[in-house]
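Numbering (the working numbering), first residue to last: 78 to 273.
Here it is in C-alpha cells:
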C-alpha cells in the first residue's frame, strides 16, 4: 500500500513539474484607455501608444494584491516585460505592433491564461489603476467583485473560478482536503481517462 502512495506522489510531482515548465500564450489587442484582466488577477492597461523613436506602448500592470503595480514603456522588438502579481502569477508581455490607438500584445505565462474581463479606464471613470475598479468592492479579496462573487468568504491562497467559488490548489474533488483521491484524479486526467 505504501508503495502505491509513493508511486502516486512521485507521478503527481512529475506532473506538477512538467506543468510548470510548459507555457501558455495568448495574443490580444488593447485600445488606449482600455484594460484587461488575466485569470481574475493581473490587470494590464494601455495608457498610450505612439511612434516616437519607434513603435511603443505605455502599459500599467497591477493586481488586487499589488495595487501600485508598475508602469512600463515597451518598444516593438524589446525584451519581454515581466510582471509578477501579488499572488505570484507571472506573465511576460511583448509588444507585437501598434495601430492608431491600439497595442497588439503577446502574453506568455507558465499558468494557463484566460482574459476574464475587459474594461475602460483612464479619463472615462474606470479603474484609474486601483483595484477593485471604481467603487466595486471585493470583500474576500479573491479578485472577483462582490456583485459577481457567489462565495464572499474564499480563504487566501485558494484558486477561484469566475463566479468566485474557491477551491484549494490540488483539491480536485472539492472536499477541502488534499488526499490520494485528488492525486488519482490528476493521474486519470493526465492519461485522458477523465476531464477536469
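Positions of the beta carbon are idealized from the N, C-alpha and C atoms, including for glycine. The model shown is predicted, which means the values in this text are computed figures rather than measured ones.
_Give me the DSSP bridge partner(s) of residue 140._
To locate residue 140, count along the chain shown from 1; it is residue 63. Per DSSP, 119 and 143.
*asked:* Strictly by DSSP, which residues pair up with residue 105?
replied: The residue you call residue 105 lines up with position 28 of the chain shown. According to DSSP, residue 105 bridges with 182.
_Simplified DSSP state of residue 261, which is helix, strand or coil_ = Indexing the chain shown from 1 puts residue 261 at position 184. If DSSP states are grouped into helix, strand and coil, residue 261 belongs with the helices.
*Whole angstroms is fine: what's the gap from residue 114's alpha carbon to residue 195's?*
Sequence index remark: in the chain shown, residue 114 carries index 37 (1-based). Sequence index remark: in the chain shown, residue 195 carries index 118 (1-based). Residue 114 and residue 195: Cα-Cα distance of roughly 6 Å.
*Note down, in chain order, each residue of its chain lying with its Cβ closer than 6 Å to the Cβ of residue 262, except the 5 sequence neighbours on either side.*
Within the chain shown, the letter at position 185 stands for residue 262. Around residue 262: 249.
*With residue 168 as the anchor, note down where its beta strand (DSSP E) starts and where it stops.*
The residue given as residue 168 occupies position 91 in the chain shown. Start and end: 167 to 175.
*What is the rounded straight-line gap between the Cα of residue 142 and the Cα of residue 271?*
If you number the chain shown from 1, residue 142 lands on position 65. If you number the chain shown from 1, residue 271 lands on position 194. Going by the C-alpha atoms only, they are around 34 Å apart.
*According to the Cβ coordinates, are residue 160 and residue 133 closer than 7 Å?*
Counted from its first residue, the chain shown places residue 160 at position 83. Counted from its first residue, the chain shown places residue 133 at position 56. No. Outside cutoff.
*Closest residue to residue 140 among 123, 131 and 119 (Cα-Cα distance)*: What you label residue 140 is simply residue 63 of the chain shown in a count that begins at 1. With distances taken between Cα atoms, residue 140 lies closest to 119.
*Would you report the Cα separation of residue 269 and residue 145, rounded to the nearest angstrom?*
The residue given as residue 269 occupies position 192 in the chain shown. The residue given as residue 145 occupies position 68 in the chain shown. Going by the C-alpha atoms only, they are around 42 Å apart.
*Locate the beta strand (DSSP E) running through residue 235, then write down its first and last residues.*
Along the chain shown, one-based indexing puts residue 235 at 158. Note, residue 235: premise wrong, no beta strand (DSSP E); not H, not E.
_Delimiting residues of the beta strand (DSSP E) encompassing residue 192_ = In the chain shown, residue 192 corresponds to position 115, counting from 1. First-last of the beta strand (DSSP E) with residue 192: 192 to 197.
*By how many angstroms is the C-alpha of residue 232 removed from the C-alpha of residue 255?*
Start at 1 with the first residue of the chain shown, and residue 255 comes out as number 178. Start at 1 with the first residue of the chain shown, and residue 232 comes out as number 155. Going by the C-alpha atoms only, they are around 16 Å apart.
*Please list, in chain order, all residues of the same chain as residue 174 whose beta carbon is under 7 Å from its beta carbon, the five residues on each side excluded.*
In the chain shown, counting from the first residue as 1, residue 174 sits at position 97. Excluding sequence neighbours, residue 174 sits near 132, 153 and 181.
*Where residue 164 falls, given that 16 or more other Cβ within 10 Å makes a residue buried*: To locate residue 164, count along the chain shown from 1; it is residue 87. Looking at its Cβ environment, which holds 16 or more other Cβ atoms inside 10 Å, residue 164 is buried.
*With which residues is residue 126 paired in a DSSP beta bridge?*
Locating residue 126 in the chain shown gives position 49, where the first residue counts as 1. Partner(s): 134.
*asked:* Which residue wins for smallest C-alpha separation from residue 117, given the options 126, 193, 184 and 171?
replied: As a first step, residue 117 must be located in the chain shown, where it is residue number 40. If we check each option's Cα against that of residue 117, 193 comes out closest.
*Report the three-state DSSP secondary structure of residue 270 (helix, strand or coil).*
Counting from 1 along the chain shown, the entry for residue 270 is found at position 193. Coil, per DSSP.
*asked:* Using CA atoms only, rank isn't needed, just tell me which of 104, 122 and 220 is closest to residue 110.
replied: As a working mapping, residue 110 is identified with position 33 in the chain shown. The shortest Cα separation from residue 110 among 104, 122 and 220 belongs to 122.
*With distances taken between CB atoms, is the gap from residue 137 to residue 150 smaller than 7 Å?*
Here residue 137 refers to the residue found at position 60 of the chain shown. Here residue 150 refers to the residue found at position 73 of the chain shown. Their beta carbons are not under 7 Å apart, which means residue 137 does not touch residue 150 by this criterion.
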